[in-house]
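Asker: My questions all concern the structure below.
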Amino acid sequence: MYNQLERILFSKEQLEKRVKELGATLSNDYKDKNPLLICILKGSTLFYADLVRAMDIHLNFDFMAVSSYGAETRSSGEVKMIKDLDCSIADRHVIIVEDIVDTGFTLKYLTKLLCARKPASLKICTLLNKPSRREVDLTPDYVGFEVGNHFVVGYGLDYDEKFRNLPEIGVLKEEVYK
Ligand code: IMP
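If you're matching positions, the sequence shown starts at 165 in our numbering and goes up one per residue.
Structural data, given as structure tokens:
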């Protein structure tokens with residue numbers, strides 16, 4: 165896998181340190197609120213698993229799946245729900261846990277959908293943010309790292325369903341997808 169990467173962007177240690185910091189911030193902000201953390205499948209799974217273990221407050225899990233790019237590296241702007249939540253979010257403090265905000269289409273769709281269910285609050289926590297690629301007005305509340313205009317893989321993020329199991333985050337060589 166490593167020979168298909170241009171370079172490593174974030175090492176295991178950098179990811180671990182930043183996720184712990186985010187966990188501590190969320191624990192502080194959501195103390196006594198019993199938040200519901202929504203994992204957006206599949207890209208957020210590793211981030212989610214580490215983030216919840218970095219939080220020392222009571223919280224609940226739920227999972228949602230939305231359409232991904234498939235073997236494309238660009239968003240079509242169309243988002244489809246593949247799996248909905250199991251529980252009601254009415255009057256709950258909800259945190260959407262996402263792997264990366266790129267164009268913003270996915271989270272725009274999700275926040276609109278979830279807001280209509282009347283949560284007590286709704287925030288976005290994303291491991292990576294690519295602000296230079298934004299096509300809709302959307303600002304995540306909690307961000308692990310800002311990244312430039314690269315296609316990145318690893319730590320849950322894929323290209324064509326591969327590379328999710330890389331423990332680091334790396335920039336994919338252009339020749340892999342061009
Ligand atoms: P958006 O709707 O364009 O913001 O894209 C959100 C989704 O696209 C993310 O949840 C990822 O699944 C995928 N995505 C966007 N950029 C990347 C990337 O650099 N690597 C891997 N997946 C990405």
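No residue lacks a Cβ here, since even glycine has one placed at the ideal position from N, Cα and C.
#1: Going by DSSP, which residues form a beta bridge with T290?
#2: Mind checking whether P295 and I253 have CB atoms under 9 angstroms apart?
#3: Note down the Cα distance separating V216 from P199, rounded to an integer number of angstroms.
#4: If M219 sits next to L249, beta carbons under 8 angstroms apart, how far is it from one beta carbon to the other, in whole angstroms?
#5: Kindly indicate which three-state DSSP category F315 falls into: helix, strand or coil?
#6: What is the DSSP secondary structure of K272, reduced to helix, strand or coil?
#7: Where do the N-terminal and C-terminal ends of the alpha helix (DSSP H) with G187 fall, by residue?
#8: Taking only three categories from DSSP, how would you classify C343?
#9: Closer than 6 angstroms by C-beta to L302: which residues in its own chain qualify, once you throw out the five before and the five after it? Chain order, please.
#10: Pop quiz: G334 and L223 are said to be a contact at Cβ under 8 angstroms. What is the actual Cβ separation, rounded to whole angstroms?
#11: Is L321 near the ligand IMP - that is, is its Cβ less than 8 angstroms away from at least one heavy atom of it?
#12: Tell me which residues share the same chain as F309 and place their Cβ nearer than 6 angstroms to its Cβ, disregarding the 5 neighbours each side in the sequence.
Answerer: To lay it out plainly:
#1: According to DSSP, T290 bridges with E262, V307.
#2: no
#3: 11 angstroms
#4: 19 angstroms between Cβ atoms; not a contact.
#5: coil
#6: Reduced to three states, the DSSP call for K272 is helix.
#7: G187 -> alpha helix (DSSP H) spans 176 to 193.
#8: What the structure shows of the chain is the stretch from 165 to 342, and residue 343 is not part of that stretch, so it cannot be assessed.
#9: G268, L271, K272
#10: At roughly 30 angstroms, the Cβ-Cβ gap does not stay under 8 angstroms, so G334 and L223 are not in contact.
#11: yes
#12: L292
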